[in-house]
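Under the UniProt record's numbering, the sequence shown is numbered contiguously, ending at residue 306.
Every residue, glycine too, gets a C-beta built ideally from N, C-alpha and C.
Quick caveat, the model's predicted, so the values are computed rather than measured.
Inspection log for the structure reproduced underneath, given as structure tokens.
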Amino acid sequence: VEVDSLGMIHYGRRVSGFPEGPTVTVEMDDYLNLEYRSEQRQIWRKLIRRDFRSTALEQRRRKGGRFEWTVPFSAPKPLRRFIGEEGPSLSLNGSRTIIISGKSEWTDGQVQTSIGRPSKFPALAIDQESKFTVEGKVGELINVRINQDTESIGSAFGSNLSDQLANQIKLDYNGEDDAIFQEIQGGNTTLELPNTRFVGFRQQNKGLFGIRAKGHLGPFAFTTVASHEKSKSNRQSFKGGAAVDTLEIKDHQYIPNTYFFLHEFYRANLPDFRRLLEGAQFGPENFVDIKRLEVYINDFNTNNDA
1 VEVDSLGMIH
11 YGRRVSGFPE
21 GPTVTVEMDD
31 YLNLEYRSEQ
41 RQIWRKLIRR
51 DFRSTALEQR
61 RRKGGRFEWT
71 VPFSAPKPLR
81 RFIGEEGPSL
91 SLNGSRTIII
101 SGKSEWTDGQ
111 VQTSIGRPSK
121 FPALAIDQES
131 KFTVEGKVGE
141 LINVRINQDT
151 ESIGSAFGSN
161 LSDQLANQIK
171 LDYNGEDDAI
181 FQEIQGGNTT
191 LELPNTRFVG
201 FRQQNKGLFG
211 IRAKGHLGPF
221 AFTTVASHEK
231 SKSNRQSFKG
241 GAAVDTLEIK
251 DHQYIPNTYF
261 FLHEFYRANL
271 PDFRRLLEGA
281 QFGPENFVDI
291 KRLEVYINDF
301 NTNNDA
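In structure tokens:
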């Protein structure tokens with residue numbers, strides 16, 4: 001940058017001490033405005049990079065103790081033909097919770113003897129829960145995944161078959177497009193058969209532990225599975241029979257406010273009703289007209305009596 005006697009600014013770009021491109025001549029005010037804008041852009045870029053780094057750091061912290069490790073050396077050249085050019089790496093993410101609780105029970109004022117001496121020291125109980133995921137890569141084609149969740153073990157054989165295995169181990173190999181073996185999966189795997197000419201239904205089996213391979217050889221596509229199925233067997237026997245039980249109800253264990261006499265006449269002549277079985281006749285004045293029967297319950301509240 002050069003300033004002449006008239007206050008004009010002459011500036012140009014130099015690379016390795018040699019001028020590159022033509023020299024530009026502007027007034028002092030214009031040059032200061034350009035320099036100010038250039039400085040603003042540089043400061044803005046620095047702030048953006050700093051915010052980006054802080055945001056990435058905050059995201060790594062929110063992942064909950066994620067640990068990543070990469071092998072500093074590459075695999076041998078013959079092995080790279082099968083796994084790719086990337087080196088092995090390992091990442092660990094998870095948590096472990098330990099809950100310690102105590103409970104103490106005693107009776108205040110209880111007499112302590114040589115046999116019974118209740119202690120006021122609480123009985124401790126420890127509950128541990130772990131949940132972590134280990135993911136690894138061996139090159140570009142092989143992935144390893146280990147998942148453990150002790151909270152899901154209780155529902156391992158629940159109705160939802162998609163999450164019936166709380167602890168899973170998977171080893172995946174994804175081949176190239178022109179390779180014979182397109183996919184090899186080891187550990188917890190599944191088998192799914194599509195609708196074909198010889199299989200008229202779509203079948204899917206989950207909960208398998210073994211090796212599954214998929215590939216193609218020309219127009220022929222194949223799926224091979226060598227595994228055993230995780231299951232739970234149970235046997236229950238039932239034997240027919242009968243049981244007899246005796247229920248004793250005493251005379252004073254009646255149900256109150258349930259059965260009533262319609263009139264004092266019936267209560268006074270209760271033993272005489274047995275004469276009906278002997279053919280004795282009662283007068284028409286002793287019979288009740290059901291259509292004219294009205295029953296009232298006394299709630300001992302005089303305000304609602306009408």
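Classify residue i as helix, strand or coil using the three-state DSSP reduction.
i: F260; result: coil
i: I126; result: strand
i: S101; result: strand
i: F132; result: strand
i: E294; result: coil
i: F300; result: coil
i: F220; result: strand
i: F121; result: coil
i: G7; result: coil
i: residue 335; result: Nothing can be reported for residue 335, as the shown portion of the chain is limited to 1 through 306.
i: K239; result: coil
i: D179; result: Reading off the sequence shown, one finds Ala at residue 179, where the question assumed Asp. In the structure shown, A179 sits in coil (DSSP, three-state: anything other than H, G, I, E or B).
i: D30; result: helix
i: G154; result: Because G154 sits at a pLDDT of 47, beneath the cut-off of 50, its placement in the model cannot be relied upon, and the following sentence gives the value as read from the coordinates. In the structure shown, G154 sits in a helix (DSSP, three-state: H, G or I).
i: D108; result: coil
i: L47; result: helix
i: E2; result: strand
Would you mind sorting residue i into buried or exposed? The rule is 16 or more other CB atoms within 10 Å of its CB.
i: R212; result: buried
i: K137; result: buried
i: residue 307; result: The structure shown has nothing for residue 307, since the chain only spans 1 to 306.
i: I249; result: exposed
i: Y36; result: exposed
i: Y296; result: exposed
i: I126; result: exposed
Which same chain residues end up closer than 6 angstroms to residue i when comparing Cβ atoms and leaving out the 5 residues on each side of it in sequence?
i: S104; result: K120 and P122
i: P219; result: none
i: G21; result: R13
i: L171; result: V144, G186 and G187
i: V1; result: Y11
How far does the beta strand (DSSP E) with residue i in it extend, from its first residue to its last?
i: R145; result: I142 to D149
i: G21; result: F18 to E27
Under 7 angstroms Cβ to Cβ from residue i, same chain only, skipping five residues before and after it: list those, please.
i: F52; result: none
So, at 8 angstroms on beta carbons, what are the nonlocal neighbours of residue i in its own chain, with the 5 sequence-adjacent residues on each side left out?
i: K46; result: none
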